[in-house]
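Each remark here refers to the structure printed beneath this line.
Numbering (our numbering), first residue to last: 71 to 159.
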């Protein structure tokens, strides 16, 4: 199972369904996704394989942590993210 950007340059190979899926409707997730909510599936770092080049954007969270978004520098698609409070992808 792969998550891919629109042009196919950046992909993340995933082991299968995630045990942890989060849907958030805060204004930061709305801006990040361009929709009323943002949805993320969490996986242990060692269970995914990232292929291709990604551009990283980091922002502070309201709780004082960080949230990193990784997107394709060619087509701009967000492909994966890392929340500082979760040590997984």
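Beta carbons are placed, not taken as given, at the ideal position from N, Cα and C, and that holds for glycine.
Just to confirm my understanding: we take residue 129, look at its own chain, exclude 5 residues before and 5 after, and list those with CB closer than 6 Å. What are they? Hits under 6 Å: 137.
Between which two residues does the alpha helix (DSSP H) containing residue 98 stretch? Following the DSSP letters along the chain, one finds residue 98 inside the alpha helix (DSSP H) bounded by residues 97-103.
Going straight from the alpha carbon of residue 125 to that of residue 132, what length do you get? Put simply, the backbone Cα of residue 125 is about 23 Å away from that of residue 132.
Can you find the residues in the same chain that come closer than 7 Å, C-beta to C-beta, to residue 106, ignoring five residues on each side of it along the sequence? For residue 106, where only same-chain residues beyond five positions count, the Cβ hits under 7 Å are 95 and 100.
For residue 117, the three-state DSSP class (helix, strand or coil): When DSSP states are grouped into helix, strand and coil, residue 117 belongs to the helix group.
The beta strand (DSSP E) with residue 88 in it runs from where to where? The continuous stretches of beta strand (DSSP E) do not include residue 88, and DSSP gives it neither H nor E.
Buried or exposed, going by whether 16 or more other CB atoms sit within 10 Å of the CB of residue 102? With 16 or more other Cβ atoms within 10 Å, it is buried.
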